[in-house]
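Residue numbering for the sequence shown follows the working numbering, beginning at 784 and increasing consecutively. Just so you know, even glycine gets a beta-carbon here, dropped at the ideal spot from N, CA and C. Notes follow once the structure below has been shown.
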Amino acid sequence: MKLTLDDIRQLDFDDPLQAYRDQFLVPPHGDGEQLYFCGNSLGLQPRSAAAAVQSELDSWRERGVEGHFEGERPWTTFQELLRAPQARLVGAQPLEVTTMNTLTVNLHLLMVSFFQPRGTRNRILIERQPFPSDRYAVESQLRWHGLDPAQCLVELGSDSGALIDESQIEDYLRSEGESVALVLWPGLQYATGQRFDIGRITRAAHAAGAMAGFDLAHAIGNVPLNLHDDQVDFAAWCTYKYLNGGPGAIAGAFVHEHHHDRVDLQRFQGWWGVDLEKRFLMGRDFQPAPGADAWQLSTPPTLAMAPLRASLAHFDQAGMTALRTKSVALTGMLERLIRERADDILEILTPAQPERRGCQLSLRVRAGRSAGQVLFRKLLTAGVVGDWREPDIIRVAPVPLYNRFEDCWRLLEAVLA
Ligand SMILES: Cc1ncc(COP(=O)(O)O)c(C=O)c1O
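Here it is, written out as C-alpha cells:
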C-alpha cells in the first residue's frame, strides 16, 4: 500500500520530538515557510540563539574586560559549557573534546601532531573524492614535510563518486599498510551521504601501524558516535551544520586520552593551550592544559560560541538516541516516497541500509545533469531548499530536530509539480 498524506500526518502527530520544530526559525517563503532540507550545510537558527548572544553582549556592556572573569558565564571558561554536550555527541570523555578555530584549521593542527612521517612510512590515505578542503589540507601537510603528494597521497575509491566499502580500506592497509602513517576519513561522506564504520577503519589503521583521524562535519549531531571506545586517535568537526551553531561557527576537536600525556608529540602551541591555572601567570614555559584543550591556540570567540550553547541544549534535552530513531524513520519515509512516487525521475545514491547513512539522501536526476539543474531551480523557486553539489547531485537532509514527515511529502509534491 502506498503512503498517503493522512498516514504521514499521523506520523507527525505521534512524533515525540514534534515540539522541537518551534524551537527553530524556519526562513519565510511567500506567505509561508521554506521547506528546509539544508541542515547538512547550515542548520537553522535556534530561537534561543539571539538571547544567548545578547546575554554576552550585555555582559560586555556591563562589565567590559571583567566579563572574562565575572558574571553568570565568565568568558574565560565559556568553552566549558560546550565541552560535555559535544563529548556526549561524539562518545568521548569530556577532556578528550575541545572547542576551537574552524574545521580545516583543526585538521591542520591535529595533523601536525598525528601525521609524523618516518622513513618509508610517509603516506596519507584518504578517499578519492573528499571534501576539497581536506584534500588541500593533506596535500599541504605532505609538502610541509618535504613529501610529494603524487607519491604519498593515496586516494581510494572511484572518480564517479561511488560508494566505498570499508573492505577496500582494509585490503589496501593489509597490503601497503607499512607505508601509511595516517588514514584520514570522513565519518559520513558529504556528497553521497554514506556513513562509514569508524571503529572498523580505526582498527584497520591501527593494525597497519597507522594513525586514524576523522572529519566529522557531516556526522556529528546526525549519527551516534563512539570515538573513545572506537580508539580513534583524533577527529574534528564544524558546528554550523547539524549542530546549528551559526554561519562559520567555532569548530570542535577530539584527541583520544591515549595521546594526552605524550611528550613525543609535536604540537603547535598558543597561550590558550596552557593550563588555566598557569595561563594568566604569563610564564615562559608551555605547561599544557589537560586533554584536548592543550591544542587550543587563542582566546575563543564568545559571541560565536553563544548560539552553539543554545543549540546544544536542545541536543541534550532531546537526546541523540531519540533523534536518531526519528531520523531513521524520517529519511526512511523520504526514501520510500521517492521510490513509490518518483522512481522514474530520481536515483538515490545514498546507501539504502539505515546503518550506512545519516539523514541525508543524495539524489541524481535520471535524465542527466541539466535536467537535474532545472529540477533544483524549480524546487528553490517553490521554496524547497536542498543544495546542489557538482557534478549532478541534489542533497536533501530531513533533520529530526526541525523537519516534519509532512515536509517530505511536500518535497515530493514539488518534484512532481
Ligand atoms: C566534510 C567537510 N570537511 C571540511 C569542510 C570545511 O569546513 P571549514 O570551512 O569550516 O573549514 C566542510 C565544509 O562544509 C565539510 O563539509
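The beta strand (DSSP E) that contains threonine 997, what's its start and end?
Before going on, a small fix: residue 997 reads as phenylalanine here, not threonine. First-last of the beta strand (DSSP E) with phenylalanine 997: 994 to 998.
Under the three-state reduction of DSSP, which class applies to arginine 1278: helix, strand or coil?
The chain is shown only over 784 to 1200; residue 1278 falls outside these bounds and no answer can be derived.
Is there a Cβ from chain D that is less than 9 Å from the Cβ of asparagine 1009?
Among the chains in the structure shown there is no chain D, since it carries only a single protein chain.
Would you say alanine 1034 and valine 888 are within 9 Å of each other, going by their C-beta atoms?
Yes, they are a contact pair.
Under 8 Å from any heavy atom of ligand 1, does the C-beta of glycine 996 make it?
No; taking the cut-off as 8 Å, the Cβ of glycine 996 has no heavy atom of ligand 1 nearer than that.
Indicate, with yes or no, if ligand 1 has a heavy atom lying under 8 Å from the CB of cysteine 821.
Cysteine 821 Cβ: outside cutoff for every heavy atom of ligand 1.
Secondary structure at valine 921, three-state DSSP: helix, strand or coil?
The answer is helix: DSSP assigns valine 921 an H, G or I state.
Report yes or no: do three or more beta-carbon pairs, one from the segment 976 to 994 and one from the segment 896 to 911, lie closer than 8 Å?
Flag = yes, the segment 976 to 994 and the segment 896 to 911 touch.
Are there 16 or more other CB atoms within 10 angstroms of the CB of leucine 1064, so buried, or fewer, so exposed?
Classification of leucine 1064: exposed, given that the 10 Å Cβ count is below 16.
Cutting at 8 Å between CB atoms, please list the residues of its own chain near leucine 1010, excluding the five before and the five after it.
Only Val873, Gly874, Ala875, Glu879, Ile981, Phe997, Ala1018, Phe1037 and His1039 meet the Cβ criterion.
Below 7 Å CB to CB, which residues in the same chain sit around glycine 1004 once its five sequence neighbours on both sides are set aside?
Cβ neighbours of glycine 1004 beyond the five flanking positions: Leu872, Tyr1025, Leu1026 and Phe1098.
Using the rule of at least 16 other Cβ atoms within 10 Å of the residue's Cβ for burial, across every protein chain shown, is glycine 929 buried or exposed?
Exposed is the call here.
Relative to the alpha-carbon of alanine 1190, which residue among Glu816, Leu886 and Ala945 has its alpha-carbon at the smallest distance?
The amino acid occupying residue 1190 in the given sequence is aspartate; alanine does not appear at that position. If we check each option's Cα against that of aspartate 1190, Glu816 comes out closest.
Helix, strand or coil: how does DSSP classify valine 1157 here?
Three-state DSSP puts valine 1157 in a helix.
Can you pull the DSSP bridge partners for tryptophan 1020?
Its beta-bridge partners are Gly1035.
Threonine 881: buried (16+ other C-beta within 10 angstroms of its C-beta) or exposed?
Under this definition threonine 881 is a buried residue.
Assign glutamine 1136 to buried or exposed, taking buried as 16 or more other Cβ atoms, counted over all protein chains shown, within 10 Å of its Cβ.
Glutamine 1136 is exposed by the Cβ-count criterion.
From the DSSP secondary-structure annotation, give me the bridge partner or partners of glycine 1202.
Any question about residue 1202 goes unanswered here, given that the chain covers just 784 to 1200.
Using the rule of at least 16 other Cβ atoms within 10 Å of the residue's Cβ for burial, across every protein chain shown, is histidine 1042 buried or exposed?
When all chains shown are included, histidine 1042 counts as buried.
Can you give me the start and stop residues for the beta strand (DSSP E) that alanine 833 sits inside?
Per DSSP, alanine 833 belongs to no beta strand (DSSP E); it is in the alpha helix (DSSP H), 832 to 846.
Alpha carbon to alpha carbon, how far is asparagine 1186 from threonine 1179? Give it in angstroms, no decimals.
Note on identity: in this sequence residue 1179 is valine, with threonine being the wrong assignment. Each residue's alpha carbon lies about 11 Å from the other.
Please classify proline 1181 as buried or exposed, where buried requires at least 16 other C-beta atoms within 10 Å of its C-beta.
Burial call: buried.
Nearest CA to the CA of tyrosine 819: which residue from Phe1188, Ser838 and Asp1126?
Among Phe1188, Ser838 and Asp1126, the Cα nearest to that of tyrosine 819 belongs to Phe1188.
Would you list the residues sitting across from alanine 1180 in a DSSP beta bridge?
DSSP lists Cys821 as partners of alanine 1180.
Which first and last residues belong to the alpha helix (DSSP H) in which threonine 1108 is found?
Counting along the chain, the alpha helix (DSSP H) containing threonine 1108 begins and ends at 1103 to 1124.
Leaving out the 5 sequence neighbours to the left and right, which residues in its chain are closer than 6 Å to glutamine 862 when beta-carbon positions are compared?
So the qualifying residues of the chain are Thr882 and Pro1083.
Relative to ligand 1, is the shortest distance from any of its heavy atoms to the C-beta of proline 1084 smaller than 8 Å?
Checking the Cβ of proline 1084 against ligand 1 gives no.
Mark valine 836 as exposed unless 16 or more other C-beta atoms lie within 10 angstroms of its C-beta, in which case mark it buried.
Classification of valine 836: buried, given that the 10 Å Cβ count is 16 or more.
Give a yes or no on whether the C-beta atoms belonging to leucine 1091 and glycine 1029 are separated by under 9 Å.
Yes, the pair counts as a contact, with Cβ atoms nearer than the cut-off.
Pick helix, strand or coil for leucine 1048, following the three-state DSSP scheme.
In the structure shown, leucine 1048 sits in coil (DSSP, three-state: anything other than H, G, I, E or B).
Indicate whether alanine 1101 and leucine 800 have their beta-carbon atoms separated by less than 9 Å.
For alanine 1101 and leucine 800, yes; Cβs fall inside 9 Å.
Taking all protein chains shown into account, decide if glycine 1151 is buried (16 or more other Cβ within 10 angstroms of its Cβ) or exposed.
Under this definition glycine 1151 is an exposed residue.
Going by DSSP, which residues form a beta bridge with isoleucine 907?
Answer is Leu936 and Leu965, bridged to isoleucine 907.
Please determine whether the Cβ atom of phenylalanine 979 lies at a distance below 8 Å from any heavy atom of ligand 1.
Flag unset: Cβ of phenylalanine 979 not near ligand 1.
Beta-carbon separation of leucine 825 and leucine 808 under 9 Å?
For leucine 825 and leucine 808, no; Cβs fall outside 9 Å.
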